[in-house]
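> Residue numbers (the numbering used here), protein chains in the order written: chain C, 14 to 186; chain X, 14 to 186; chain Z, 14 to 186; chain F, 14 to 186; chain A, 14 to 186; chain B, 14 to 186.
Number of protein chains: 6
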Amino acid sequence: MLFLFFEAGKLKRLPRTGWLLKGIPNPESIADHSFRVSLITMSLADELKAKGLEIDVERALKIALLHDLAEARVTDIPPTAQYYIDKSKAEKKAAMEMLLSTPRPREYEEGLSLEGRLVKFADKLEMLIQAYEYEKTGFKDPNEFWKVIEKLKESEFYEYFGELVDGLSLHRD
Amino acid sequence: MLFLFFEAGKLKRLPRTGWLLKGIPNPESIADHSFRVSLITMSLADELKAKGLEIDVERALKIALLHDLAEARVTDIPPTAQYYIDKSKAEKKAAMEMLLSTPRPREYEEGLSLEGRLVKFADKLEMLIQAYEYEKTGFKDPNEFWKVIEKLKESEFYEYFGELVDGLSLHRD
Amino acid sequence: MLFLFFEAGKLKRLPRTGWLLKGIPNPESIADHSFRVSLITMSLADELKAKGLEIDVERALKIALLHDLAEARVTDIPPTAQYYIDKSKAEKKAAMEMLLSTPRPREYEEGLSLEGRLVKFADKLEMLIQAYEYEKTGFKDPNEFWKVIEKLKESEFYEYFGELVDGLSLHRD
Amino acid sequence: MLFLFFEAGKLKRLPRTGWLLKGIPNPESIADHSFRVSLITMSLADELKAKGLEIDVERALKIALLHDLAEARVTDIPPTAQYYIDKSKAEKKAAMEMLLSTPRPREYEEGLSLEGRLVKFADKLEMLIQAYEYEKTGFKDPNEFWKVIEKLKESEFYEYFGELVDGLSLHRD
Amino acid sequence: MLFLFFEAGKLKRLPRTGWLLKGIPNPESIADHSFRVSLITMSLADELKAKGLEIDVERALKIALLHDLAEARVTDIPPTAQYYIDKSKAEKKAAMEMLLSTPRPREYEEGLSLEGRLVKFADKLEMLIQAYEYEKTGFKDPNEFWKVIEKLKESEFYEYFGELVDGLSLHRD
Amino acid sequence: MLFLFFEAGKLKRLPRTGWLLKGIPNPESIADHSFRVSLITMSLADELKAKGLEIDVERALKIALLHDLAEARVTDIPPTAQYYIDKSKAEKKAAMEMLLSTPRPREYEEGLSLEGRLVKFADKLEMLIQAYEYEKTGFKDPNEFWKVIEKLKESEFYEYFGELVDGLSLHRD
Chain C
14 MLFLFFEAGK
24 LKRLPRTGWL
34 LKGIPNPESI
44 ADHSFRVSLI
54 TMSLADELKA
64 KGLEIDVERA
74 LKIALLHDLA
84 EARVTDIPPT
94 AQYYIDKSKA
104 EKKAAMEMLL
114 STPRPREYEE
124 GLSLEGRLVK
134 FADKLEMLIQ
144 AYEYEKTGFK
154 DPNEFWKVIE
164 KLKESEFYEY
174 FGELVDGLSL
184 HRD
Chain X
14 MLFLFFEAGK
24 LKRLPRTGWL
34 LKGIPNPESI
44 ADHSFRVSLI
54 TMSLADELKA
64 KGLEIDVERA
74 LKIALLHDLA
84 EARVTDIPPT
94 AQYYIDKSKA
104 EKKAAMEMLL
114 STPRPREYEE
124 GLSLEGRLVK
134 FADKLEMLIQ
144 AYEYEKTGFK
154 DPNEFWKVIE
164 KLKESEFYEY
174 FGELVDGLSL
184 HRD
Chain Z
14 MLFLFFEAGK
24 LKRLPRTGWL
34 LKGIPNPESI
44 ADHSFRVSLI
54 TMSLADELKA
64 KGLEIDVERA
74 LKIALLHDLA
84 EARVTDIPPT
94 AQYYIDKSKA
104 EKKAAMEMLL
114 STPRPREYEE
124 GLSLEGRLVK
134 FADKLEMLIQ
144 AYEYEKTGFK
154 DPNEFWKVIE
164 KLKESEFYEY
174 FGELVDGLSL
184 HRD
Chain F
14 MLFLFFEAGK
24 LKRLPRTGWL
34 LKGIPNPESI
44 ADHSFRVSLI
54 TMSLADELKA
64 KGLEIDVERA
74 LKIALLHDLA
84 EARVTDIPPT
94 AQYYIDKSKA
104 EKKAAMEMLL
114 STPRPREYEE
124 GLSLEGRLVK
134 FADKLEMLIQ
144 AYEYEKTGFK
154 DPNEFWKVIE
164 KLKESEFYEY
174 FGELVDGLSL
184 HRD
Chain A
14 MLFLFFEAGK
24 LKRLPRTGWL
34 LKGIPNPESI
44 ADHSFRVSLI
54 TMSLADELKA
64 KGLEIDVERA
74 LKIALLHDLA
84 EARVTDIPPT
94 AQYYIDKSKA
104 EKKAAMEMLL
114 STPRPREYEE
124 GLSLEGRLVK
134 FADKLEMLIQ
144 AYEYEKTGFK
154 DPNEFWKVIE
164 KLKESEFYEY
174 FGELVDGLSL
184 HRD
Chain B
14 MLFLFFEAGK
24 LKRLPRTGWL
34 LKGIPNPESI
44 ADHSFRVSLI
54 TMSLADELKA
64 KGLEIDVERA
74 LKIALLHDLA
84 EARVTDIPPT
94 AQYYIDKSKA
104 EKKAAMEMLL
114 STPRPREYEE
124 GLSLEGRLVK
134 FADKLEMLIQ
144 AYEYEKTGFK
154 DPNEFWKVIE
164 KLKESEFYEY
174 FGELVDGLSL
184 HRD
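As structure tokens, then:
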């Protein structure tokens with residue numbers, strides 16, 4: 014268990030390289046990002062449950078917390094590298110190995126479940142909010158911003174949280 | 014909901030002032046800390062459940078994630094200041110207000126529940142692990158280290174996780 | 014005396030959290046701020062004396078240098094937190110205690126004296142200059158800027174240093 | 014006057030290169046250093062006055078605050094460079110020019126006055142305290158530490174503040 | 014050509030993740046590392062030539078300068094990740110593509126040439142020197158240090174530069 | 014030789030003070046800059062050779078790598094200081110002394126040679142590219158930008174690389 018906590022400690026020290034490559038001087042750590050993804054997941058899952066969907070909030074939270082842990086081993090590889098490396102494969106291998114030493118592995122498997130898909134949505138939404146926050150302090154990369162919005166609009170959860178996503182682009186100007 | 018996410022964004026930018034005052038140059042953010050507290054809470058809660066205790070893992074995770082959110086408003090006030098400021102009161106006021114705008118407030122109330130107490134234990138354990146990690150890269154403050162260990166030993170959860178706590182002091186030399 | 018110097022050392026390590034919350038990546042330390050407040054106080058006090066006002070420059074400088082020292086204990090609590098915490102009370106308590114161990118305490122009491130009021134003016138002017146400087150490198154928060162200007166315009170010292178304050182808004186565009 | 018304040022702003026952004034070259038990752042700024050030098054000067058000057066010496070505290074404070082301002086133009090040149098550059102000459106030229114635009118230049122001339130010498134002592138004492146603080150968090154450079162202590166022991170002010178200087182080496186182990 | 018220069022610009026912003034994972038707060042950038050590798054390569058190649066070996070110094074310098082450029086696309090993946098990702102393959106693909114747009118690609122092919130092997134030796138030597146420098150400021154990881162020394166000792170170039178390598182371990186205590 | 018490598022290590026830790034003074038929070042190191050100057054020099058020199066000019070690429074690369082090494086001793090003195098200090102003289106003295114301990118000193122003398130002039134061109138071009146990159150993330154200083162472009166246009170190499178320089182100003186808007 015201690016080993017898992019040390020792995021998590023690495024996420025505190027690793028910056029999100031995507032921001033670094035865009036020139037953000039001291040960007041957030043992967044742990045910073047994971048924290049807000051988990052918080053967003055919590056809010057969205059509770060909301061979906063309140064709206065009548067059958068969703069396992071505990072499971073969603075666990076996926077959100079573990080979601081980026083594999084990064085502790087393969088570090089944060091930015092999108093431009095994905096052409097060269099099959100990241101998801103490497104991550105899955107690392108994630109699997111890591112989860113084998115946690116109490117009940119089957120619970121955390123990400124995949125096609127509703128909870129896993131929600132975490133993916135929360136992951137992108139978090140990035141959009143962060144881009145919005147960096148933009149407010151002077152950073153500019155409008156294309157990136159709209160690209161993420163487009164992806165969020167295509168999601169099955171846009172139906173429930175469209176107002177939230179659109180709110181960000183309105184606030185922006 | 015967006016407002017809550019912006020508050021969480023502040024935790025990414027706020028350093029843990031306790032480490033700053035001790036001279037750690039670029040210490041972890043409050044969000045960094047909250048992330049690992051949540052992860053530790055998850056592991057410990059699952060373990061306690063496996064050992065037969067009746068514990069609401071979802072509730073524990075929610076408390077862990079929200080635990081430091083009040084800091085976004087009052088910032089991270091280090092222990093030396095607590096003589097002057099009734100921090101817990103201020104935090105509670107802020108937390109309450111914040112939670113009133115989240116779906117189901119009653120769920121998150123921290124206090125005397127088993128889950129709330131577990132998060133407090135995880136919070137201290139996280140600090141111990143971080144102190145251990147800083148120590149490994151050259152930082153020295155042995156007194157601090159042992160003070161936290163003492164507190165963990167007095168906890169009701171030491172019975173279950175004593176091996177983990179003791180493991181850290183063994184690894185250390 | 015050594016203890017006082019160690020307290021001052023903490024101000025070098027503590028960032029001004031107000032800027033952090035606004036997204037400035039590596040903002041000035043409290044000591045950075047205190048240094049320029051003291052320098053501004055020196056210039057303004059000399060100017061007022063030259064214009065015939067009866068002002069104790071030494072006393073003004075001492076207040077400026079000690080002004081933020083209480084922060085070393087309660088850290089830099091940003092305005093948003095003041096709703097929850099009676100900051101000035103906590104600071105005064107800390108400041109009083111600290112001053113009791115310095116040679117002649119009565120000299121440093123801040124309050125309603127002309128010198129104390131001048132330091133308050135210099136404190137706001139320094140923040141305005143800093144906002145102006147951050148703005149020049151891309152950071153944007155125009156509302157904040159004008160709010161501080163308004164406060165400076167209401168001050169009794171605007172009569173003497175109006176040109177300086179207005180100069181900053183002219184330079185700006 | 015505004016120009017002087019902008020020059021002071023540069024001292025906030027310039028690191029003390031001496032520490033950088035020794036490997037301290039995010040060292041103090043020149044303004045950080047100047048702030049504590051001024052505070053130390055204040056305490057020592059008050060103490061000397063209490064002990065019966067005739068000292069102009071206001072003048073000492075002004076010298077302390079302006080002491081490193083010339084650095085804003087020539088930046089912080091570390092000792093190893095002094096073999097190549099006649100630093101004091103360049104600084105004096107810059108300082109003189111800067112002071113010509115401040116109200117009463119004759120007041121600030123540093124030199125052989127008691128006040129000027131006290132600031133030089135405070136300057137070295139500050140560096141010793143900082144070295145001590147960096148040492149406490151793991152940084153090691155004992156030779157440097159003792160070299161500065163030797164210089165302080167040779168000073169005329171060691172007679173008054175010997176206890177303070179010796180206190181630092183005792184605390185150290 | 015401009016594109017190649019932008020790629021190089023990314024190396025300035027990307028930290029060497031190996032140091033980050035070991036807890037070095039603001040570690041060197043990949044460009045920092047590449048710069049010293051090139052400088053070391055220059056010195057070693059000149060020395061080898063002086064000792065009568067037939068070596069193409071220009072070619073060695075070009076390999077050294079381009080050696081880590083592929084990292085700009087795949088970022089700096091630390092050794093722990095290499096178990097999961099076939100890094101050299103990905104890098105080669107990226108490097109090849111990049112070199113196709115530079116004037117004379119055949120010149121830069123790294124591989125089994127004497128020059129390529131020398132750059133590999135310089136690359137490890139640079140890391141050893143950096144570890145030594147971090148150690149001097151308090152960072153501790155003796156195992157790592159000796160592991161790199163062992164690799165250098167097995168190299169064909171140890172015959173020529175053994176004194177240099179051994180000098181580092183002597184200086185160390 | 015080891016001494017030369019330690020000097021180079023200082024360039025990794027020293028920031029380019031020109032950017033610091035302009036308010037860039039964590040600017041590139043001198044080593045970061047030197048790395049890209051060397052890479053640019055390599056590309057330009059190869060191009061000139063391909064166009065039929067008689068140029069010694071190895072020599073150009075050596076000048077580029079050593080070009081800023083003198084900075085390790087006198088640190089990076091920004092343009093505003095040059096009014097006060099005869100920088101080139103000090104640097105030359107330092108550079109000469111340093112080169113006396115490297116194998117064949119006469120090779121590295123910078124001056125009026127074609128290779129030395131090309132490095133000067135690459136040095137300015139690198140700064141322009143960096144200014145462009147900082148601009149893209151929000152930093153603004155248009156005057157600076159155009160001033161460097163003007164200098165590049167006056168160079169003998171503009172004839173060959175005019176397209177590259179002009180490309181940067183076109184990309185910019």
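Positions of the beta carbon are idealized from the N, C-alpha and C atoms, including for glycine.
1. By a C-beta neighbour count over all protein chains shown, 10 Å radius and 16 as the cutoff for buried, is Arg49 (chain C) buried or exposed?
2. Rounding to the nearest angstrom, what Cα-Cα distance links Gly65 (chain C) and Ala44 (chain C) in this structure?
3. In its own chain, which residues sit with a C-beta less than 8 Å from the C-beta of Lys35 (chain Z), not counting the 5 before and 5 after it?
4. Nearest-angstrom Cα distance between Thr30 (chain A) and Lys23 (chain A)?
5. Are there 16 or more other CB atoms within 10 angstroms of the CB of Met109 (chain B), so buried, or fewer, so exposed?
6. With DSSP collapsed to three states, give me the class of Ser42 (chain C).
7. Report the residue from C:Asp136, C:Asp69, C:Ser42 whose alpha carbon sits nearest the alpha carbon of Val161 (chain C).
8. Can you look up Arg119 (chain Z) in the DSSP assignment and give me helix, strand or coil?
9. So is His213 (chain Z) buried or exposed if we call it buried at 16+ other beta carbons inside 10 Å?
10. At 7 Å on the CB atoms, spell out the chain C contacts of Glu41 (chain X), in chain order.
11. Would you call the stretch 166–181 of chain X and the stretch 138–147 of chain X in contact, with 3 or more CB pairs under 8 Å?
12. To the nearest angstrom, how far is it from the Cα of Arg117 (chain C) to the Cα of Lys149 (chain F)?
13. Which residues in chain Z have a C-beta closer than 8 Å to the C-beta of Gly36 (chain X)? List them in chain order.
14. Express the C-alpha separation of Tyr147 (chain X) and Trp159 (chain C) in angstroms, rounding to a whole number.
15. Kindly indicate which residue of B:Leu131, B:Lys62, B:Arg185 has the alpha-carbon position closest to the one of Ser168 (chain B).
16. Could you give the distance in angstroms between the alpha-carbon of Leu78 (chain C) and the alpha-carbon of Ile53 (chain C)?
17. Could you please give the first and the last residue of the uninterrupted alpha helix (DSSP H) stretch that includes Thr150 (chain C)?
18. Hey, quick one: how far does the alpha helix (DSSP H) through Asp17 (chain B) stretch, first residue to last?
19. With 8 Å set as the bound, which would you pick, yes or no: does the beta-carbon of Thr5 (chain A) sit closer than that to a beta-carbon of chain C?
20. Under 7 Å between beta-carbons, which chain A residues line up against Leu33 (chain C)? List them in chain order, please.
21. Given that Met14 (chain X) touches chain C, what residues does it touch there, using C-beta distances under 9 Å?
22. So, at 8 Å on beta carbons, what are the nonlocal neighbours of Lys62 (chain B) in its own chain, with the 5 sequence-adjacent residues on each side left out?
23. Give me the Cα-Cα distance between Leu15 (chain B) and Ser126 (chain B), rounded to the nearest whole angstrom.
24. In the structure shown, what three-state DSSP assignment does His80 (chain C) receive?
25. When the Cα of Leu17 (chain B) is compared with those of B:Asp81, B:Ser42, B:Ser51, B:Pro28, which residue comes out closest?
26. Determine the contact status of Ser51 (chain B) and Leu74 (chain B), defining contact as a CB-CB distance below 8 Å.
27. Would Tyr182 (chain F) be called buried (16 or more neighbouring beta carbons within 10 Å of its own) or exposed?
28. Please classify Lys166 (chain F) as buried or exposed, where buried requires at least 16 other C-beta atoms within 10 Å of its C-beta.
29. Which residue wins for smallest C-alpha separation from Glu128 (chain A), given the options A:Pro38, A:Glu163, A:Asp59, A:Ala144?
30. What is the DSSP secondary structure of Gly36 (chain F), counted as helix, strand or coil?
31. To the nearest angstrom, how far is it from the Cα of Arg185 (chain B) to the Cα of Lys164 (chain B)?
32. I think Glu41 (chain A) touches Lys25 (chain B), with their Cβ atoms under 8 Å apart; what is that distance to the nearest whole Å?
33. Phe170 (chain C) to Ser56 (chain C), Cα distance in whole Å?
34. Can you find a CB in chain Z that lies within less than 8 Å of the CB of Gly151 (chain B)?
35. Taking DSSP as the reference, what is the three-state secondary structure of Leu181 (chain Z)?
This is what the structure gives:
1. Taking all protein chains in view, the Cβ of Arg49 (chain C) is crowded by 16 or more other Cβ atoms within 10 Å, so the residue is classified as buried.
2. 31 Å
3. Phe152, Asp154, Glu157
4. Cα to Cα, Thr30 (chain A) sits roughly 14 Å from Lys23 (chain A).
5. Only weak support is given to the placement of Met109 (chain B): the predicted model assigns it a pLDDT of 49, under 50, and the value that follows is read from those uncertain coordinates. It counts as exposed.
6. Secondary structure at Ser42 (chain C): strand, using DSSP grouped into helix, strand and coil.
7. The candidate whose alpha carbon is nearest that of Val161 (chain C) is C:Asp136.
8. Because the pLDDT of Arg119 (chain Z) is 45, which lies under 50, any placement of that residue in the model is unreliable, and the question is left without a value.
9. Because chain Z here runs from 14 to 186, residue 213 (chain Z) falls outside it and cannot be looked at.
10. Lys25
11. Touching, yes.
12. Bear in mind that the predicted position of Arg117 (chain C) carries a pLDDT of just 40, short of 50, making it unreliable; the figure below should be weighed with that in mind. Each residue's alpha carbon lies about 43 Å from the other.
13. Arg26
14. 40 Å
15. When the alpha-carbon of Ser168 (chain B) is set against those of B:Leu131, B:Lys62, B:Arg185, the nearest one is in B:Leu131.
16. 11 Å
17. Run containing Thr150 (chain C): none; DSSP gives neither H nor E here.
18. The residue asked about is misnamed: residue 17 (chain B) is Leu in this sequence, not Asp. Unbroken alpha helix (DSSP H) run through Leu17 (chain B): 15–26.
19. Within the shown structure, residues of chain A are numbered from 14 to 186, placing residue 5 (chain A) beyond reach of any answer.
20. Arg26, Leu27
21. Neighbours of Met14 (chain X) on chain C, chain order: Ile53, Ser56, Leu57, Glu60, Phe174, Leu177.
22. Ile68, Val70
23. Computed Cα separation, rounded: 29 Å.
24. coil
25. B:Asp81
26. yes
27. For the sequence presented, residue 182 (chain F) should be read as Ser rather than Tyr. Counting Cβ neighbours within 10 Å, Ser182 (chain F) comes out exposed, since fewer than 16 surround it.
28. exposed
29. A:Asp59
30. coil
31. Rounded to the nearest angstrom, the gap between the Cα atoms of Arg185 (chain B) and Lys164 (chain B) is 18 Å.
32. 5 Å
33. 13 Å
34. Answer yes: the Cβ-Cβ gap between Gly151 (chain B) and chain Z drops below 8 Å somewhere.
35. helix
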